[in-house]
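The structure appears below as structure tokens.
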Amino acid sequence: MNQNIINQYSISFQNRVDNWDIFGKEINKIITTNNKYLTSFLISWNSVEQINNSLLPDINQALISPNIEVDSDSATVDIIMFNNLVDFYDDSNGYVNSIPLQDFKEIVTGWRDFLKTLPLGGSKV
2 MNQNIINQYS
12 ISFQNRVDNW
22 DIFGKEINKI
32 ITTNNKYLTS
42 FLISWNSVEQ
52 INNSLLPDIN
62 QALISPNIEV
72 DSDSATVDII
82 MFNNLVDFYD
92 DSNGYVNSIP
102 LQDFKEIVTG
112 WRDFLKTLPL
122 GGSKV
């Protein structure tokens, strides 16, 4: 991922150790950014397969056809990709902000690549 994008969105990838009473200690992959809606959206897309099979094809479709609205959602945040922008919406406030679609693709790709690194999310400690 481009260092300018990392800096612009204050992107940080972390392997966090969570201690579950029933399951014991487990590694969870976390991303943080300076855009809470982007962060929330990405955390809900925590499967490499889902990103590869669903989200990235939608992003590529939006890049190829910028005049067609392409939408996607997570549990808490919806997005609409249109005119080379990604608009973020939440359930209570509606539209909240936008980022360039190309930046979004780089961030999603970086998140996907991080999810593939060891230790994998869900690994026991």
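Residue numbers (this note's numbering): 2 to 126. The beta carbon of each residue, even a glycine, is placed where N, CA and C say it ideally should be.
Residue SER41 holds the alpha-carbon nearest to the alpha-carbon of SER75 among THR33, ILE100 and SER41. Rounded to whole angstroms, the separation of the alpha carbons of GLN103 and ASN5 is 13 angstroms.
Look at the segment 79-126 and you find these whole runs of beta strand (DSSP E), each 3 residues long or longer: 86-91 and 95-101.
Remark: three or more beta-carbon pairs, one from each stretch, lie closer than 8 angstroms, so the segment 105-125 and the segment 50-59 are flagged as touching. With contacts defined by Cβ atoms closer than 9 angstroms, SER66 and ASN35 do not form a contacting pair.
ASN94 and LYS30 have their C-alpha atoms roughly 28 angstroms apart. According to DSSP, LYS30 shares a beta bridge with ASN16. Excluding five sequence positions before and after LEU43, the CB atoms of its chain that fall closer than 6 angstroms to its own CB belong to ILE32 and TRP112, given in chain order. Sequence-distant Cβ neighbours of GLU70 in its own chain, meaning closer than 6 angstroms and more than five residues away, are ILE81 and PHE83.
Bounds of the alpha helix (DSSP H) holding SER41 are 37-45.
Assigned with DSSP and collapsed to three states, SER55 falls in helix.
Setting aside the 5 residues that flank it on each side, ASN16 is surrounded in the same chain by ILE28, LYS30 and PRO120, each with a C-beta closer than 7 angstroms to its C-beta; the list follows chain order.
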